[in-house]
Amino acid sequence: GAQTAPSYVRLAGFAGLLAGAFSMAAGEYVSMSAQQELLGRELEVERRALNLAPEAEREELAQIYENRGLTAEAASYLAEMMMRTPEMALAAHAREEIGIDPSVMGSPYPAAASSLASFAAGAAVPLVPWFFLTGGVAVAVSVVAVALSSLLIGVLLSQATGRSPLRSALRQIVVSMLAAGVTYLVGRVIGVSVAH
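Per the working numbering: the sequence shown = residues 446 to 641.
Dropping the structure here:
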């Protein structure tokens, strides 16, 4: 939007791709790390409670099962079974009280790598034409490439969610084109002055 000279578009596009990809990866890493630390702390609090007051924790677990519809006798029996080993007791309390599975905490490294790769792939779609084309043709091919990619992503998301492929594809293309349009307009408004 600011400058249609291919060298400027490639430079700005590649800089944006790198900045965005690494920013997304860093954000995902920090977010996942903080989540792991928070859940780890909650698990440690639960572990201490199990060591200090196992009977109170057993009763608490039985009450949770009873609140979920088990009879008092069945809830008490199930809680007793869950409290037989420290690992099983911690897993049961983590699942029922905190809502997590301690064996599946996730790692920040794959999450960061996934964010980096997916952002870079998405940002490359409108940029690639600028390595082979110029001017209005490059703009048009970029827009078409983004539109087709958005439609494909929408259809793939619909298969994963069970929603209407048409609705998912249209939502994806509208959101993508809106984001691209706003970015393009900001470039047009701000512009670039080239000193000679």
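By construction, the Cβ of each residue, glycine as well, lies at the ideal position given by its N, Cα and C atoms.
Can you name the start and end residues of the alpha helix (DSSP H) that residue i belongs to?
| i | result |
| --- | --- |
| residue 495 | 451-497 |
| residue 566 | 553-572 |
| residue 391 | Absent from the model: residue 391. The displayed extent of the chain is 446 to 641, so no value can be given. |
How long is the line joining the alpha carbons of residue i and residue j, rounded to whole angstroms?
| i | j | result |
| --- | --- | --- |
| residue 500 | residue 532 | 16 Å |
| residue 569 | residue 468 | 16 Å |
| residue 591 | residue 546 | 38 Å |
| residue 543 | residue 606 | 26 Å |
| residue 593 | residue 554 | 31 Å |
| residue 587 | residue 634 | 20 Å |
| residue 470 | residue 521 | 46 Å |
| residue 614 | residue 624 | 15 Å |
| residue 503 | residue 479 | 30 Å |
| residue 523 | residue 515 | 9 Å |
| residue 475 | residue 488 | 20 Å |
| residue 629 | residue 571 | 12 Å |
| residue 626 | residue 600 | 22 Å |
Taking only three categories from DSSP, how would you classify residue i?
| i | result |
| --- | --- |
| residue 547 | coil |
| residue 605 | helix |
| residue 513 | coil |
| residue 577 | coil |
| residue 528 | coil |
Going by other Cβ atoms of all chains shown within 10 Å of its Cβ, with 16 needed for buried, is residue i buried or exposed?
| i | result |
| --- | --- |
| residue 392 | Any answer about residue 392 is impossible in this case: the structure gives the chain only from 446 up to 641. |
| residue 527 | buried |
| residue 619 | exposed |
| residue 518 | exposed |
| residue 525 | exposed |
| residue 585 | exposed |
| residue 535 | buried |
| residue 580 | exposed |
| residue 559 | exposed |
Residue i CB to nearest chain C CB: under 9 Å?
| i | result |
| --- | --- |
| residue 481 | Note that chain C does not occur in the displayed structure, where there is just one protein chain. |
query = Should the region 549-560 be regarded as contacting the region 474-489, the criterion being three or more beta carbon pairs within less than 8 Å?
reply = yes
query = Are the region 455-462 and the region 566-580 in contact at 8 Å, needing three or more beta carbon pairs?
reply = yes
ask   = Counting Cβ pairs, one atom from each stretch, are 3 or more of them under 8 Å apart for the region 558-566 and the region 501-510?
value = no
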